[in-house]
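Asks:
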Amino acid sequence: MEQIGIVEARKRLGTLVSRAVHAHVPVRISRSADEHAVLISESEYAELQRLREQAEVAEMRERIAAVKRGEARLTGFASKEAAYAHFGVPLPDARD
Numbered sequence: 099m100e101q102i103g104i105v106e107a108r109k110r111l112g113t114l115v116s117r118a119v120h121a122h123v124p125v126r127i128s129r130s131a132d133e134h135a136v137l138i139s140e141s142e143y144a145e146l147q148r149l150r151e152q153a154e155v156a157e158m159r160e161r162i163a164a165v166k167r168g169e170a171r172l173t174g175f176a177s178k179e180a181a182y183a184h185f186g187v188p189l190p191d192a193r194d
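Numbering (my numbering), first residue to last: 99 to 194.
(1) When you compare the CB positions of V125 and V136, do they come within less than 9 Å of one another, or not?
(2) Would you tell me roughly how many angstroms separate the C-alpha atoms of L111 and R129, rounded to the nearest one?
(3) According to the Cβ coordinates, are F185 and M158 closer than 9 Å?
(4) By Cβ distance below 8 Å, which residues in the same chain neighbour T173 in space, the five residues on each side in sequence not counted?
(5) Is the beta carbon of I102 less than 9 Å from the beta carbon of I138?
(6) Exposed or buried, L114, counting other C-beta atoms within 10 Å across all chains shown (16 or more means buried)?
(7) Of the residues K109, L189, R117 and R108, which one's Cα is nearest the Cα of R150?
(8) Helix, strand or coil for E169? Go by DSSP, reduced to three states.
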């Protein structure tokens, strides 16, 4: 994967977006030693989101099955936010 600095990315943004969309070439953009982002096409992002959601559903199903098998205890939560936080899963709206 190509890696470029943010200044160079600004100069080449149109080209980088075209490559991401049409050739599916991701680019890692660095702002500093510890700040990085990856430019990918919207379709690839949607696929990553779909896969993440699919994995979350599978994990929740497994946890429900474990409760049914008596291997885990069912816990009640005061809110959806509390439940997501307990399982370490981001709220759906927080991902966008």
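We put the CB at the ideal spot given by N, CA and C, even for glycine.
Replies: Well, looking at it:
(1) Here residue 125 is taken as the residue at index 27 of the sequence shown, counted from 1. Here residue 136 is taken as the residue at index 38 of the sequence shown, counted from 1. Yes, the pair counts as a contact, with Cβ atoms nearer than the cut-off.
(2) Against the sequence shown, residue 111 aligns to sequence position 13. Against the sequence shown, residue 129 aligns to sequence position 31. Here the alpha carbon of L111 sits roughly 14 Å from the alpha carbon of R129.
(3) Reading the sequence shown from its first residue, position 87 is the one you call residue 185. Reading the sequence shown from its first residue, position 60 is the one you call residue 158. With respect to the 9 Å criterion, F185 and M158 are classified as neighbours on the basis of their beta carbons.
(4) Within the sequence shown, residue 173 is the residue found at index 75, counting from 1. H184, listed in sequence order.
(5) Here residue 102 refers to the residue found at position 4 of the sequence shown. Here residue 138 refers to the residue found at position 40 of the sequence shown. Result no, Cβ atoms of I102 and I138 do not sit closer than 9 Å.
(6) Within the sequence shown, the letter at position 16 stands for residue 114. With 16 or more neighbouring CB atoms inside 10 Å of its own CB, L114 falls in the buried class.
(7) If you number the sequence shown from 1, residue 150 lands on position 52. Per the C-alpha coordinates, the member of K109, L189, R117 and R108 positioned closest to R150 is L189.
(8) In the sequence shown, residue 169 corresponds to position 71, counting from 1. Here E169 sits in coil by DSSP.
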